[in-house]
Structures are given as structure tokens and as C-alpha cells.
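>
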Amino acid sequence: MQTSTNCLVQKLYSSEGLQASKTKTLRSRPTTAGNKIRNQASRLVSQLMKCTPHYIRCIKPNETKKPRDWDSARVKHQVEYLGLKENIKVRRAGFAYRRPFNKFIQRYEILINKNQRNDIDEKRVIQQTLSSLQIDQSQYQLGKTKLFIKAPETLFMLEEARDRKYNMYARVIQKAFKKYFARRRQEQEKQQAADLLFGHKERRRASFNRNFMGDYIGLEGKRQMLNLIGRKEKVFFAETVKKYDRRFKVSRRDLILTSKYLYLIGREQVKKGPEKGKKVEIIKRKLSFNQISNISLSTLQDDFVVIHAKDDYGSLLELTFKTEFLIALSKRYVEETGHVLNIKFGNHLEFKIKKEGWGSGGTRHVQFTQIDYGDKEILKSSGKILNVCIGPGLPSTTKLNVNRTSAGHRYGKVNASHSFRQTNPRSQFEVTEKPKLSVADSSNRAVRLSNQKKQVMQEPKKLENNNMPLMGMFTNPTARPRGMLRFPPPPSEPPPPCTPVPLGFRMPAIDNNGNKSTQNDAKTKPVRPAPRAPVNIRQKPALPSLPKAKSLYDYSPQDVDELQLKEGDIIEILKEDKDGWWHGRLNGRTGLFPSNYIVKI
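Heads up: the sequence shown begins at 282 in our numbering, then just goes up one per residue.
Right under this line is the structure:
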């Protein structure tokens with residue numbers, strides 16, 4: 282309109298008039314009554330929150346202004362119309378919890394410190410308890426006889442802390458009971474295993490006091506083996522054993538006992554495909570409990586076990602933990618079949634072998650012979666017979682003393698000299714036979730062997746507690762091995778425990794009559810220590826350098842046997858596999874890592 286040629290129109294729509302009209306339209310509107318009320322209420326609430334408001338109300342008991350003149354109806358009317366009842370309700374709602382001191386202490390006594398439970402001042406005990414729980418003092422008030430808690434959340438926190446305390450004590454009791462129950466169950470298993478072989482088979486010296494572990498392979502970290510037997514199968518026993526074939530050649534097998542089957546897992550190389558030449562686990566044999574006819578063992582302390590199958594060939598195995606395997610197998614066998622497992626003992630074992638080709642499978646024999654010494658089996662095969670020679674072990678009548686064994690586990694050690702109890706009191710457990718003495722000194726060779734045997738038989742622990750240092754063991758290098766050697770008997774008069782033993786000290790000689798030589802004779806003939814032979818100190822060879830790789834990306838482990846990688850980490854490569862998962866070491870920890878995340882340096 283300002284561009285119009287008409288003068289009147291240009292004056293009506295001049296720029297000054299338009300600017301003034303714009304200024305008038307942009308003026309703010311006046312506040313409404315609602316906004317004023319809301320702002321005033323917010324200011325009032327903010328002022329009230331800064332302090333603790335209280336109100337004073339005066340009540341007139343009468344109209345006569347005389348003392349002891351009480352008009353109940355008038356007082357009730359004033360209390361009702363002044364809003365005092367509602368005010369009291371609000372105040373009581375502000376402190377929702379009101380409890381006397383003694384009842385509060387009785388309820389939350391478990392939260393009170395032990396040192397404060399005998400304190401007479403209940404108020405101080407409550408205040409220290411609430412402060413130990415980090416409760417702000419503004420959240421509660423202490424009266425003369427009662428405790429007032431403001432927020433319900435504080436009360437809920439007290440109840441939660443009380444429940445946690447009870448749960449903690451319950452877990453302590455539960456842990457102690459589980460520990461006791463597990464120890465008792467383990468002792469029962471040991472006793473059952475000992476009764477299974479009692480009177481039939483000699484035991485090894487270290488087989489009584491060991492605990493049963495069950496899994497000696499670590500199946501949790503072997504995924505391929507778990508896939509073969511099934512992840513839902515419960516494993517009761519697993520051990521790497523030696524399996525003997527028809528020619529008595531040894532091959533490694535993994536013996537796994539589950540709730541339904543007995544597995545023998547071996548390894549074979551892949552002959553075809555991209556993984557040609559790689560060794561993988563396969564099931565060599567799978568036996569159900571109904572297929573097992575009996576188990577055969579010898580009467581000696583060897584580790585051979587023969588598993589016989591119905592209408593099938595047997596398996597000759599050598600396993601270290603045979604006692605644990607037998608007790609686990611017998612329990613599963615009874616649960617599955619309903620009758621006891623047949624276990625045979627004899628020093629001549631016979632078993633069938635697998636048929637190959639058109640001919641029959643035939644049989645093989647194992648002959649056991651006891652020799653004078655040795656805990657290791659000496660094997661010698663001749664045709665169809667395998668001869669096994671082994672030294673004597675503990676008698677088959679040796680019993681396990683469960684009470685003493687459990688006491689040893691309770692205190693963290695087991696005393697071997699008191700861990701066994703035999704039926705014959707005269708046949709005490711001895712470590713080995715008498716060792717031969719070397720030609721060291723003619724005076725020391727005249728030790729009375731009768732006293733030595735008497736001391737060892739009657740006082741097995743005297744040598745351990747003797748303060749006199751042991752003078753060494755005498756051995757004969759030319760004699761055949763005799764296993765462990767006994768220490769020589771202690772002297773009849775040892776020096777006092779605080780007396781230091783001088784260099785070159787030698788025990789006084791004892792003649793045939795049992796008399797010691799005098800101290801003057803020892804002084805006239807001083808004993809010089811023998812010169813030491815020069816020791817050839819071999820330098821420790823340097824460790825071989827391993828190939829290293831650098832991490833290109835970050836990797837988060839998906840399992841417990843994998844390494845966590847960060848960009849730039851240097852990894853030592855221990856083993857390379859074709860499947861893409863390599864085995865390496867990083868910061869002292871070994872595990873698996875993906876090969877496509879690294880580059881060799």
C-alpha cells in the first residue's frame with residue numbers, strides 16, 4: 282500500500298504508523314489469577330521447607346475466666362473447629378514410626394554392635410546403631426522414651442539390613458553344614474571303597490588318605506568331548522588311562538563314567554576333507570551297564586583292571602584311581618540294573634579280544650607275580666601272556682581309620698604313621714625293610730639293631746619331634762633299590778635343644794657292651810670334616826624364543842579358556858591350529874584367541 286500513487290493511501294500506511302502498531306501488539310499480556318495463586322503457593326512452600334513450622338492455639342475452657350472451671354463441650358468444639366485433629370494427623374503422618382526404645386532394641390538387636398549390647402543407655406545405643414547404618418539425623422528424632430522415624434524408606438532400609446544380617450548368618454550355618462555333610466559323605470565313600478577291596482587286594486601306601494575328585498580330565502574345558510557324550514550327561518568319573526590291545530601295545534584312552542554309559546574315548550586323524558591330518562576325539566567303545574558282566578582285578582597293588590562284557594570282547598585297562606572308579610561304577614551299576622556288580626580277584630586274569638577278519642577273536646592272559654621290592658609294575662609280554670611283576674603293598678586286611686583321617690583333614694594335615702589300623706596288632710605298618718649301612722665309621726656301625734627295631738615299632742613319632750638334627754641316611758649305592766629308607770635311631774642322650782651343633786660334630790662311639798666313649802677320647806682325636814668335591818655349576822639354558830603376534834582389534838572372551846585382547850597387545854604364540862583358534866600367553870595367562878584378530882611380528 283505504501284507504493285500506491287494515491288497520497289491519502291500513502292499517509293494511512295506510512296512506515297511510522299506500522300512500527301507503532303507492531304510495538305503495541307508485542308506488549309506482554311497481564312498475568313492471570315491462576316498464575317498468581319500458583320506462584321504465591323510455590324513461594325509459600327519454599328519458605329515453609331526452610332524451617333520447621335509449628336502452631337500455637339489458645340483454647341478457652343470457660344466463659345467465666347475462673348480457675349478449675351472446665352467446660353468439656355466448649356473445649357471439644359474449639360479443638361474440632363480450629364483443625365487441631367487434622368494437624369495432629371499430619372504431624373503423626375510425618376513421623377510414621379513410633380516405637381519405645383526397648384522394643385526397637387529387641388527388634389533390631391542383630392544390627393547392634395557386639396561392644397554396645399551391654400550398654401545401659403538405650404538412647405546412645407540406638408543413636409550409634411542408626412549412625413553406623415548411615416542414616417541421616419534429620420530422618421529420625423529421639424524422644425524421652427520413644428524413637429520417631431520420619432520417612433517410611435528409612436524403616437524399609439532397617440528391615441532390609443536386618444534381613445541381610447539374618448541371611449548372612451544363615452549362609453554361615455549352611456556353609457558349615459554343607460562342609461560337614463560333604464566331609465562325612467566323602468568319609469563314607471572312602472570307607473565303602475576300602476570295604477570293597479578289603480581282604481581281596483593289596484593297597485598302595487598313598488591310596489588311603491586321598492580325596493575323591495571324580496573328574497581328573499577337566500571336561501568343563503573340553504567342548505568336543507562334551508559334545509560326544511552329551512552336555513546333559515552327569516559325569517561321575519573321568520580319567521586318562523592306558524589301554525592294552527591284543528599285542529599288549531599301549532594306547533591312551535579317556536575313561537568316562539556317566540549315569541547311563543561307560544565310555545572309552547580315543548583320538549584318530551582325519552583322513553579326508555579340509556581338516557586332513559588333524560586329531561579328533563571319537564568314541565572307541567560305549568558300554569551300557571547291562572552289557573557289563575564282571576570286573577577282574579589282581580590281589581596285588583597293581584593298577585590293572587579288566588572290564589568283561591556279555592557276548593563281547595573285554596578291555597584291559599591300567600588306571601591310577603582304580604578304587605574310586607570301582608566304587609563309582611558299583612553304585613551306578615546297582616542303580617541301573619538292581620543287583621550288585623560282580624568283582625573277581627585273582628593273579629591270573631583271562632579276557633576275550635576283539636574279532637578281526639574271519640577268524641575268532643581268541644583270549645589273552647595276564648599273569649601277576651610279586652617280587653621283593655618296587656611300587657611300579659614291570660611288564661613283559663610273551664605271545665598271548667602278559668607278565669606283571671610288582672613289589673608288596675599294604676596288606677589286604679588294612680583298614681581305614683575314618684575318625685583319625687577326618688581329624689587330619691580338619692587340621693589341614695594327615696599323619697601317615699597314625700592313619701592305618703590293622704586287624705593283627707603285631708603286624709604294624711612299616712615303610713620298608715632294614716637298609717644297609719655304608720662303610721663310613723667303624724664306631725657308628727656298632728648300633729644295636731634290636732633297640733632300633735624296638736624304637737621304630739613302639740615310638741613311630743619320636744623321630745619327628747626330636748630336637749637333635751638328623752645326621753643323614755646311610756645308603757649303599759651298589760645294592761639293589763629298596764624303595765624308601767628309614768632313618769637311623771636317635772642317640773640315647775641327645776644334646777640340649779638350645780646347644781648349637783659345632784662343625785664336624787660326631788656322635789660318641791658305642792662299644793659292644795653299650796658304653797659310650799669318654800669326652801677326653803673325643804678331644805684327643807679331633808674329627809675333621811671331609812673335603813667337599815668340586816661342584817660343577819651348569820648354567821641354565823636360555824628359554825627358547827616363541828613367535829609373537831600383535832593384536833589388531835579388541836576381543837572380549839566368550840568362555841573361561843579364552844584371552845581378552847586389546848589393540849596393540851603383544852601375544853606369545855604357543856600353538857597354532859588350523860581351526861582358527863590359537864593357543865598363546867598374555868601377561869602370564871595362557872588361553873585361546875582368534876587368529877584373524879592378530880598379525881605376526
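Glycine included, every Cβ here is placed at the ideal spot set by N, Cα and C.
1. What three-state label does DSSP hand F437 in the structure shown?
2. Tell whether a beta-carbon distance below 9 Å holds between I634 and G643.
3. Whole angstroms is fine: what's the gap from I391's alpha carbon to N490's?
4. If we require 4 or more residues per run, which alpha helix (DSSP H) segments fall completely within the segment 582 to 638?
5. Please name the residue in E483, A442, L667 whose C-alpha comes closest to that of I416.
6. Note down the Cα distance separating I407 from F493, rounded to an integer number of angstroms.
7. For A830, list the residues DSSP reports as bridge partners.
8. Assign P646 to one of two classes, buried (16 or more other C-beta atoms within 10 Å of its C-beta) or exposed (fewer than that).
9. Classify G595 as buried or exposed, calling it buried when 16 or more other Cβ atoms lie within 10 Å of its own Cβ.
10. Given 8 Å as the limit, is there contact between the segment 456 to 468 and the segment 395 to 413, that is, 3 or more CB pairs closer than that?
11. Roughly how many angstroms separate the alpha carbons of V371 and D840, rounded to a whole number?
12. To the nearest angstrom, how far is the alpha carbon of L867 from that of S832?
13. Does the beta-carbon of Q469 have 16 or more other beta-carbons within 10 angstroms, so that it is buried, or is it exposed?
14. Short check: CB of R485 to CB of D656, under 9 Å?
15. Using a 10 Å radius around the Cβ and a threshold of 16 neighbouring Cβ atoms, would you call F462 buried or exposed?
16. Return helix, strand or coil for F479, following the three-state DSSP convention.
17. Report the three-state DSSP secondary structure of Q893 (helix, strand or coil).
18. Taking A432 as the reference, which of L597, P838, R379 has the closest Cα?
19. Which residue from F529, I546, L365 puts its Cα closest to that of K503?
20. Take E549 as the anchor and find which of K541, S532, L536, T539 has the nearest alpha-carbon.
21. My guess is that F649 and L598 are in contact by the Cβ rule of under 8 Å, so how many angstroms apart are they, rounded?
22. With H, G and I counted as helix, E and B as strand and the rest as coil, what does DSSP make of D450?
23. Threshold first: 4 residues or longer. Then list the alpha helix (DSSP H) segments lying entirely within the segment 347 to 420, N to C.
24. Which value, in whole angstroms, describes the spacing of the CA atoms of N571 and F874?
25. Given that a residue counts as buried once 16 or more other Cβ atoms are within 10 Å of its Cβ, and exposed if not, what is V326?
26. Taking the Cβ atom as the reference point for each residue, do I454 and I498 lie within a distance shorter than 9 Å?
27. Per DSSP, which one or two residues make a beta bridge with R883?
28. Can you tell me whether G672 is buried or exposed, with buried defined as 16 or more other CB within 10 angstroms of its CB?
29. Consult DSSP for C670 and reduce its assignment to one of helix, strand or coil.
30. Fully enclosed by the segment 495 to 527, which beta strand (DSSP E) runs are 3 residues long or longer?
31. Name the DSSP beta bridge partners of N575, please?
32. With distances taken from CA atoms, which of R527, F529, R528, G495 is nearest K515?
33. Would you report the Cα separation of I510 and D835, rounded to the nearest angstrom?
34. If you draw a straight line from the C-alpha of N399 to the C-alpha of I393, how long is it?
35. Could you tell me which residues DSSP pairs with Y461 in its beta bridges?
36. Go through its chain and collect everything with a Cβ distance to R534's Cβ below 6 Å, but skip five positions before and after it.
Answer, in terms of the structure:
1. When secondary structure is reduced to three states using DSSP, F437 falls in the helix class.
2. Less than 9 Å divides the Cβ of I634 from the Cβ of G643.
3. Going from the Cα of I391 to the Cα of N490 covers about 42 Å.
4. Complete alpha helix (DSSP H) runs here, min 4: 603 to 618.
5. If we check each option's Cα against that of I416, A442 comes out closest.
6. About 51 Å.
7. In DSSP, A830 forms a bridge with I852, K881.
8. Pro is not the amino acid found at residue 646; the sequence shown has His there. With fewer than 16 Cβ atoms within 10 Å of its Cβ, H646 is classed as exposed.
9. By the 10 Å Cβ count, G595 comes out buried.
10. No, the segment 456 to 468 is not in contact with the segment 395 to 413.
11. Rounded to the nearest angstrom, the two C-alpha atoms are 58 Å apart.
12. Their backbone Cα atoms lie some 11 Å apart in a straight line.
13. Exposed, by the Cβ-count rule.
14. The Cβ atoms of R485 and D656 sit closer than 9 Å to each other.
15. Exposed is the call here.
16. Look at F479 here: in three-state DSSP terms it is coil, with no helix or strand label.
17. Coverage of the chain is limited to positions 282 through 882, which leaves residue 893 absent and any answer about it impossible.
18. It is R379 whose Cα lies nearest to the Cα of A432.
19. Per the Cα distances, I546.
20. Of the listed residues, the one whose Cα sits closest to E549 is S532.
21. 15 Å between Cβ atoms; not a contact.
22. According to the sequence provided, residue 450 is Tyr. The question's Asp does not apply to it. The DSSP-derived three-state label of Y450 is helix.
23. As summarised for the segment 347 to 420, the continuous alpha helix (DSSP H) elements at least 4 residues long and confined to that stretch are 353 to 362, 365 to 375, 382 to 388, 403 to 413, given in chain order.
24. Using only the alpha carbons, I get a separation of about 43 Å.
25. Of the other Cβ atoms in all chains shown, fewer than 16 fall within 10 Å of the Cβ of V326; this residue is therefore exposed.
26. Their beta carbons are not under 9 Å apart, which means I454 does not touch I498 by this criterion.
27. No answer is possible for residue 883: it lies beyond the span of the chain, which begins at 282 and ends at 882.
28. Around the beta carbon of G672, a 10 Å sphere encloses 16 or more other beta carbons of the protein chains shown; the residue is thus reported as buried.
29. In the structure shown, C670 sits in a strand (DSSP, three-state: E or B).
30. The segment 495 to 527 contains these whole beta strand (DSSP E) runs: 516 to 525.
31. Note: N575 sits in a beta bridge opposite H589.
32. It is G495.
33. Distance from the CA of I510 to the CA of D835, rounded to the nearest whole angstrom, comes to 34 Å.
34. Whole-angstrom Cα-Cα distance: 10 Å.
35. DSSP, once it has assigned bridges, lists no residue as partnering Y461.
36. So the qualifying residues of the chain are V522, K524, L545, G547.
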